Structure formats: C-alpha cells, structure tokens
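All remarks here apply to the structure that follows.
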Amino acid sequence: MMYSFLGKCKAKGIDPYEWLVDTLNKIPFHPINRIHGLVPEIY
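Heads up: the sequence shown runs through residues 65 to 107, numbered per this note's numbering.
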C-alpha cells in the first residue's frame, strides 16, 4: 500500500518524503470523515 501512495506522489510531482511526513503529522488532528483529503491525489 505504501508503494502505491509513494508511486502516486512521484506521478504527481510531489516529494514522497514531504507528503509522508506532512500526512503523518496531520492524521491525529484530521476529522475521520475527511480522511480522503490526505491522499496524494488531493495533496
């Protein structure tokens, strides 16, 4: 699953490390009903 997320980051021109760090920092405070907003396609 992580390879999929990281591959999507690269395809979108997003730094995978930056996305992962940012996403992991946001998860504890992000509303569960808006979790789809953390995927690389919307980043």
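Glycine included, each C-beta is placed from N, C-alpha and C at the ideal position. Owing to the predicted nature of the structure, the values given are computational and were not obtained by experimental measurement.
**Prompt:** Residue range of the alpha helix (DSSP H) that Leu-102 falls in?
**Reply:** As a first step, residue 102 is located in the sequence shown; it is residue number 38 there, counting from the start. Counting along the chain, Leu-102 falls outside any alpha helix (DSSP H), and DSSP gives it neither H nor E.
**Prompt:** Who are the near neighbours of His-94 in its chain, counting only those whose CB is closer than 8 Å to its CB and skipping five residues on each side?
**Reply:** For the purposes of this step, residue 94 is taken as residue 30 along the sequence shown, with counting starting at 1. Cβ within range, chain order: Gly-101, Leu-102.
**Selection from Asp-79, Tyr-107, Ile-78 that minimises the alpha carbon distance to Lys-90** = Counting from one through the sequence shown, the residue named residue 90 turns up at place 26. The shortest Cα separation from Lys-90 among Asp-79, Tyr-107, Ile-78 belongs to Tyr-107.
**Request:** Using 10 angstroms around the beta-carbon of Pro-104, count the other beta-carbons present and answer buried if the total reaches 16, otherwise exposed.
**Result:** The sequence position of residue 104 within the sequence shown is 40, counting from 1. When all chains shown are included, Pro-104 counts as buried.
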